[in-house]
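Colleague: Mind looking over this structure? Questions follow.
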Amino acid sequence: MKCKKCSSTSVIKLRQHNVSYCEYHFNEYFEKRVEKTIIKYGMCKPEDRILVAVSGGKDSSVLLYVLDKMGYRVDGVFVDTGTVTPPHEELKQLQDLIRGQVYYLDIRDYFLGLTIPEVSKILRRSTCSVCGTARRYILNRYALIAGYNVLAMGHNLDDECAVLLGNVLNWHIGYLSRQKPVLHKTHPGFVKKIKPLVLLTEREIYAYALLNHIPCSKENCPFSKNASSLRYKSGINEVERYHPGTKLRFYTEFVKKSPFEPEKVTIKSCSVCGYPTTEDICAFCRMKARVKNALGK
14 MKCKKCSSTS
24 VIKLRQHNVS
34 YCEYHFNEYF
44 EKRVEKTIIK
54 YGMCKPEDRI
64 LVAVSGGKDS
74 SVLLYVLDKM
84 GYRVDGVFVD
94 TGTVTPPHEE
104 LKQLQDLIRG
114 QVYYLDIRDY
124 FLGLTIPEVS
134 KILRRSTCSV
144 CGTARRYILN
154 RYALIAGYNV
164 LAMGHNLDDE
174 CAVLLGNVLN
184 WHIGYLSRQK
194 PVLHKTHPGF
204 VKKIKPLVLL
214 TEREIYAYAL
224 LNHIPCSKEN
234 CPFSKNASSL
244 RYKSGINEVE
254 RYHPGTKLRF
264 YTEFVKKSPF
274 EPEKVTIKSC
284 SVCGYPTTED
294 ICAFCRMKAR
304 VKNALGK
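The numbering used here numbers the first residue of the sequence shown as 14 and each following residue consecutively.
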């Protein structure tokens, strides 16, 4: 099969677009897709300081690499939650590919030496819930303190469609109102959050990582294996198999036509750390207090 743009042999076929590309033109397509997504949703500008939340996996590693290649002022940060083996070698190799830095944060520094799985046992809450609350807080706070005004996440089209399907089936209106490619800064204590890979599939991102030799950890979080989002992802993949382009239409039309608006709430500052919250004390500080009490500290 030949590349749509030249006579070279293609390396990938994109059924949702009914095209095939050689390595050179696939890379060109991919990078233009990211740039168009950034422009379409007003994600960031060349003068912005961007921090990428890096997990060591293909999505966030590709995001850091491609933003750097496109000339953005970008660094990465890895938060070690204790759920997987830290991909030190992959992060070091990734650091060598970009102009910026890849920083390392340890969750144990925030929870008296405990990992997220250990904290979740103490609090008797799901690991994913504790991890999500902690990561959101730490990433946002680090970005603010370090002087970044944009926080970039590596969410892809498959991720977003799976979450969207679950939220629609369960009518989680609050989540639906916030499921956007950009979350704008609504308080001095927040940074703008963006998802530049949101219109690219998992398969496209994996292909780009392989073709550009971007180091990625193969280890998945052991706590994600029973996540309901995986079942939703499997279901929508089956629909996509018979009707290419379904994922892209599902997500882009939702973003374009969604009637859901975030509930208007009064945001104040946490009395402990100053973080934006709707309560007197933010969720992260409440978690820390409960852990301290449980340990008798």
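From the three backbone atoms N, C-alpha and C, an ideal C-beta is built for every residue, glycine too.
Am I right that N180 and L170 are in contact with their C-beta atoms under 8 Å? What's the rounded C-beta distance?
Modeller: With a Cβ gap of about 15 Å, N180 and L170 do not count as contacting.
Colleague: Buried or exposed: Y78, going by 16 or more other Cβ atoms within 10 Å of its Cβ?
Modeller: Looking at its Cβ environment, which holds 16 or more other Cβ atoms inside 10 Å, Y78 is buried.
Colleague: Could you check whether E103 and P228 sit closer than 7 Å to each other, using their CB atoms as the reference points?
Modeller: yes
Colleague: Can you tell me whether P272 is buried or exposed, with buried defined as 16 or more other CB within 10 angstroms of its CB?
Modeller: P272 is exposed by the Cβ-count criterion.
Colleague: Could you give the distance in angstroms between the alpha-carbon of H256 and the alpha-carbon of Y85?
Modeller: 36 Å
Colleague: Go to K269, then tell me how far its alpha helix (DSSP H) extends in each direction, as first and last residue.
Modeller: For K269, the enclosing alpha helix (DSSP H) starts and ends at 259-270.
Colleague: On the criterion of 16 or more Cβ atoms from any shown chain inside 10 Å, does E253 qualify as buried, or is it exposed?
Modeller: It is buried - the Cβ of E253 has at least 16 other Cβ atoms within 10 Å.
Colleague: Hey, V143 and S242: beta-carbon distance below 7 Å or not?
Modeller: No, these two residues do not count as a Cβ contact at 7 Å.
Colleague: Which residue or residues does DSSP assign as beta-bridge partners of D88?
Modeller: L64
Colleague: Spell out the partners DSSP gives Y116 in its beta bridges.
Modeller: V90
Colleague: Measure the CB-CB distance between A220 and I63 and report whether it falls below 7 Å.
Modeller: Contact: no.
Colleague: A302 to N153, Cα distance in whole Å?
Modeller: 20 Å
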